[in-house]
Structure formats: structure tokens, C-alpha cells
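For the sequence shown, the positions run 8 to 224 when my numbering is used.
Heads up, the thing below is written out as C-alpha cells.
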Amino acid sequence: MDFSTTMGILISGFAFTIQIFLVTLVGALPLGILVAFCRMSKFKPLALVARFYISVMRGTPLMLQLMALAYGPYFVFGIQAGQEWKFVACSIGFIVNYAAYFAEIYRSGIQSIPHGQYEAAAVLGYSRAQTFMKIVLPQVLKRILPALGNEVITLVKDTSLAFVIGVMEMFAQAKALASSQVSMIPYVIAGVIYWVFNFIVEMVLTRIEKHLDYYHD
8 MDFSTTMGIL
18 ISGFAFTIQI
28 FLVTLVGALP
38 LGILVAFCRM
48 SKFKPLALVA
58 RFYISVMRGT
68 PLMLQLMALA
78 YGPYFVFGIQ
88 AGQEWKFVAC
98 SIGFIVNYAA
108 YFAEIYRSGI
118 QSIPHGQYEA
128 AAVLGYSRAQ
138 TFMKIVLPQV
148 LKRILPALGN
158 EVITLVKDTS
168 LAFVIGVMEM
178 FAQAKALASS
188 QVSMIPYVIA
198 GVIYWVFNFI
208 VEMVLTRIEK
218 HLDYYHD
């Protein structure tokens, strides 16, 4: 198999990698905010449920969670799921897992804002919603961006875990090519593609961080 054919197969797999990455961000970033507010809720049962959810998601391997979602319908209900379900299960698994990590990052950022800022905003006539959106949120975004960026970069690499449930993303394609060609070249090419994509993600995050520099702590 020539180099161009190998690249074509890996690029087709990378399209699945990008899909997993984007679907996870679109789903996990807002879900993480919801979980964070539940975690900080004064209603104890809700806070305990959110805390338990975060503990389970962070305390068990993502690979195990993906396998439970992909093969659970068959082992529990006897339902034979098709290839389409594997991608859906993969998306759900990544979203609920990363939402737990994002929630803790959001929580730490929100709780790092001095309570005096809320009181000062109230004196100036701001509502709680206005205080959060106009005063608190910009500061929170600046403070959590480095930690959030680390999780986003980790997500790019974690997409390779989808191979365990048969989703043919780039790592799965590289593994198949390496076996058929008896060569490490597909792994090397896949590694370079991961690195280039992560480099682009890092540049975007750096630009966003510089854009937020006008919010001084």
C-alpha cells in the first residue's frame, strides 16, 4: 500500500476524530456549567447527586464507560445495537465524562471570585444575573482557561479510546494499517496528525487567552 493511500485512510479516520471532538465540546461545555451549578446548589440532595455523578465519571476509566454504553443494551436488554449506536454511545460517553471535569473547573473558577464583588454589584443596582454575566463570568473565563485548555487538548488524544468499541477513528485506522502492513509508519503519521491538530488547538486557546488579558485580577 503506497503512502497516499495510507494517508487517505488515516484522513478519513481523522474525520471521525474531529466529529467526536466537536460533539464532545458542544455537549460537555454547557452540560458542565449545569452540573457545576447543581454541585454548588444549596439544595443538598441536588448537590449530592451532582457530586456523586462527578465522582463516578472521574473515578472510573473512560474506556470502561464507553464499553458499558456501547455493549450495555445487549448484555442488559438483549438488544443487538448496530454500528450507528456505537458512534452515539461514543458521543454520549465522551460528553458525560468530560462534563464532569469541566464542571469542577467551572466550580473552582466561580468560587474563586471574592464575595465582595457580588455585594458591590448589588449596591450599584445590578441584578444577580447581570452581576454574573457582566462582572463574574469574564473573570471566571480568564481564570479557568488554562485548565480548560488542558482538558481540551487531552480530549483530542482521548478520542483514540473510541477504537475499543469499534468506532473507526484515526487511531483505529492506524492500528489496522500497521497490522496489515507490518509497519510502524501508520502510527507515526497518526502521531504527527494528532500533534499538528493539538498545536492548532493550542494556538486558538492562546489567542483567546490574550483576548481576555484586559480583564485584570
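The beta-carbon is built from N, C-alpha and C at its ideal position, and this holds for glycine as well.
{"Item": "Determine whether the beta carbon atoms of L53 and C45 lie at a separation below 8 Å.", "Value": "yes"}
{"Item": "In chain order, which continuous runs of the alpha helix (DSSP H) of length 4 or greater are located wholly inside the region 57–133?", "Value": "69–84, 90–118 and 122–130"}
{"Item": "From the DSSP output, in three-state form, read off E216 for me.", "Value": "helix"}
{"Item": "Using beta-carbon positions only, say whether A96 and L73 come within less than 8 Å of one another.", "Value": "yes"}
{"Item": "Would DSSP call S11 helix, strand or coil?", "Value": "helix"}
{"Item": "Could you confirm whether any beta carbon from chain C is found closer than 8 Å to the beta carbon of C97?", "Value": "Although the question refers to chain C, the structure presented lacks it and comprises just one protein chain."}
{"Item": "For G198, tell me which candidate among N104, S186, L144 and K164 has the shortest Cα-Cα distance.", "Value": "K164"}
{"Item": "Could you tell me the distance, in whole angstroms, from the CA atom of Y81 to the CA atom of Q146?", "Value": "47 Å"}
{"Item": "Identify whether M7 lies in helix, strand or coil by the three-state DSSP scheme.", "Value": "Since the first residue of the chain shown is 8 and the last is 224, residue 7 is not available in this structure."}
{"Item": "Drop a sphere of 10 angstroms on the beta-carbon of R150, count the other beta-carbons inside from all chains shown, and report buried for 16 or more, exposed for fewer.", "Value": "buried"}
{"Item": "Relative to the C-alpha of V103, which candidate in M70, V83 and G132 has its C-alpha closest?", "Value": "M70"}
{"Item": "Mind checking S98: buried by the 16 CB within 10 Å criterion, or exposed?", "Value": "buried"}
{"Item": "Assuming A3 contacts A106 (C-beta within less than 8 Å), just tell me the rounded distance between them.", "Value": "With the chain represented from 8 up to 224, any question about residue 3 goes unanswered, as that position is not in the structure."}
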